[in-house]
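Peer 1:
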Amino acid sequence: MKARAFSYFRAATIDQALDAHARAGDDARYIAGGQSLVPALSLRLQAPRLLVDITHIDELRGVRREGGSLRIGALTRHCEMLSEPLIAEFAPLLHAAAPFVAHPAIRNRGTFGGSVALADPASEFPAMTLALDAEIEIAGPSGRRRVKADDFFIDLFETALQPGELITSIHVPLFKADQRFAFDELARRRGDYALVGCGILATCPGGRIEDIRISFFSVGNTPTRVKGVERTLIGSRLEAERITAAQGALDGDLAPPDSDEVPPAMRLHLARVLLGRLLGRLGEGA
Amino acid sequence: MSGFDETLQDEAEAPVRVRFVVNGRKVACEVAPRDTLVDCLRDKLELTGTHAGCEMGACGACLVQLDGRAIHSCLIYAVQADGARIDTIEGLSEGGVLADLQAEFHRRNALQCGFCTPGMLINAQELLSRVAEPGRGEIRDALSGNYCRCTGYEAIVDAIDAVAKARSKGGVAT
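Line by line, the protein sequences are chains A and B.
Under full-length UniProt numbering, the first residue of the first sequence is numbered 1, with each subsequent residue one higher.
Under full-length UniProt numbering, the first residue of the second sequence is numbered 1, with each subsequent residue one higher.
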């Protein structure tokens with residue numbers, strides 16, 4: 001349970017980090033919170049020759065408003081999702097999801113950017129970036145760019161990040177007065193990975209849904225928006241019949257992979273139950 | 001893709017000098033980059049109250065405070081903690097901040113083998129510093145990352161609950 005020997009470099013700036021990564025011929029990993037990376041190194045699932053520590057790069061820190069968005073620095077820790085007032089006010093879906101991320105000591109060290117970069121399909125935050133229509137800001141050898149969350153998650157642990165690139169921040173549109181959100185997950189035990197989880201952000205002026213984004217996790221190789229379900233709900237008032245119809249539409253959107261632990265039919269059933277509960281909660285706020 | 005700069009690899013096994021403030025005392029020691037903080041504390045600094053359990057961040061036996069927050073010392077390399085303030089079970093015990101929790105764990109048999117206890121105490125201390133009087137559900141929730149394979153948790157929850165109530169009344173549990 002020990003990592004293979006590696007070299008270690010503590011970067012003070014993004015340029016230093018990118019340069020060190022390149023000097024290692026890309027046989028390197030960036031480390032921030034390390035709450036997933038360190039176990040992966042211990043198990044030798046990964047054995048890079050260089051670790052580039054990005055924890056001390058000031059530019060990656062901080063949560064602040066930038067125009068119509070909240071800029072969440074990549075190094076923002078999971079516990080800060082609970083304690084930072086700007087998150088609670090302008091990204092309440094992240095605030096609601098945070099208590100479900102692992103357990104307190106992991107939340108004290110794990111980072112938002114790291115969670116999104118890893119793109120674990122069972123993790124809460126990557127899926128919530130989809131629900132929030134967030135933009136991922138990336139720095140790399142060929143410059144800076146922004147990628148929509150919808151285009152970021154490609155396959156199992158595969159993202160739009162290219163070798164040597166790192167996430168600098170995540171930009172989330174500010175929560176508005178006519179929006180509502182809901183989050184929940186079903187897990188065997190609090191702190192465990194969810195059997196199925198879901199976050200919803202809806203824009204419903206006057207109680208009628210004008211726009212809705214529903215994102216599931218633990219249901220496939222990537223965090224998954226259920227666009228068919230979303231379409232059935234546009235224009236509706238979230239009455240019981242419409243919720244039942246939305247639950248029915250899930251079959252067309254989700255195809256959970258087979259696993260020994262949870263058969264696809266059971267996961268789909270749990271997803272329907274969860275969707276019903278969350279839409280019910282959204283409707284009650286109408 | 002350029003080749004690996006071999007001067008980096010030469011440094012991989014080379015010891016790195018790290019400095020911390022551990023339990024209020026400045027210390028320095030030499031570690032390999034792949035040495036975790038728990039190994040450094042136990043092997044280099046002889047602070048064996050921090051226990052290496054699963055070494056995967058699941059069991060919570062290795063919790064220490066890093067700059068005042070509870071973290072898994074198995075999920076951080078010692079080089080990453082260079083410059084940090086670290087408080088281990090030894091420092092927190094000697095400082096007396098855990099005295100009431102320790103007494104209550106003792107009184108209620110909230111441990112058997114004791115392997116998980118240092119992590120339990122550090123986690124309980126953090127919980128009570130954040131939430132004045134947590135409910136039993138909250139206590140159980142907070143303990144989700146601390147495994148105890150002896151007690152079934154009931155006595156541990158009782159002990160933390162009693163200390164929470166006593167502290168919020170400004171006294172100690174009896």
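Quick reminder that beta carbons are idealized off the backbone N, C-alpha and C, glycines included.
1. With 7 angstroms as the threshold, decide whether the Cβ of residue 45 of chain B is near any Cβ in chain A.
2. Using a Cβ cut-off of 9 angstroms, pull out every chain A residue sitting near residue 56 of chain B, in sequence order please.
3. To which residues does DSSP link residue 211 of chain A through a beta bridge?
4. Distance, Cα to Cα, residue 74 of chain B vs residue 129 of chain A?
5. Could you check the C-alpha separation between residue 63 of chain A and residue 173 of chain A for me, to the nearest Å?
6. Going by CA-CA distance only, name the one from A/231, A/139, A/61, A/111 that's closest to residue 32 of chain A.
7. Enumerate in chain order the residues of its own chain whose CB-to-CB distance from residue 193 of chain A is below 6 angstroms, with the five nearest sequence positions on each side excluded.
8. Using a Cβ-Cβ cut-off of 6 angstroms (strictly less than) and excluding sequence neighbours within five positions of residue 36 of chain A, which residues of its own chain qualify?
9. Flag residue 145 of chain B as yes if its beta-carbon sits less than 7 angstroms from any beta-carbon of chain A, otherwise no.
10. Distance check for residue 75 of chain A and residue 58 of chain A, CA to CA, integer angstroms please.
11. For residue 260 of chain A, is the classification buried or exposed, using 16 other Cβ atoms within 10 angstroms of its Cβ as the cut-off for buried?
12. From the DSSP output, in three-state form, read off residue 111 of chain A for me.
13. May I ask you to list the residues that DSSP assigns as paired with residue 173 of chain A?
14. Please check if any C-beta of chain A sits within less than 7 angstroms of the C-beta of residue 71 of chain B.
15. Considering only the beta carbon of each residue, do residue 28 of chain B and residue 42 of chain B sit closer than 7 angstroms?
16. Buried or exposed: where does residue 23 of chain A fall if 16 or more other Cβ atoms within 10 Å of its Cβ makes it buried?
17. Which residues in the same chain have their Cβ closer than 6 angstroms to the Cβ of residue 146 of chain A, if we skip the five residues on either side of it in sequence?
18. Which chain A residues sit within Cβ distance under 9 angstroms of residue 126 of chain B?
Peer 2: In short:
1. no
2. 1, 38, 39, 42, 43
3. A/203
4. As the crow flies, the alpha-carbon of residue 74 of chain B is around 29 angstroms from that of residue 129 of chain A.
5. 13 angstroms
6. A/111
7. 122
8. 118
9. yes
10. 9 angstroms
11. exposed
12. strand
13. A/69
14. yes
15. no
16. Buried: at least 16 other Cβ atoms inside 10 Å.
17. 135, 137
18. 104, 105, 108
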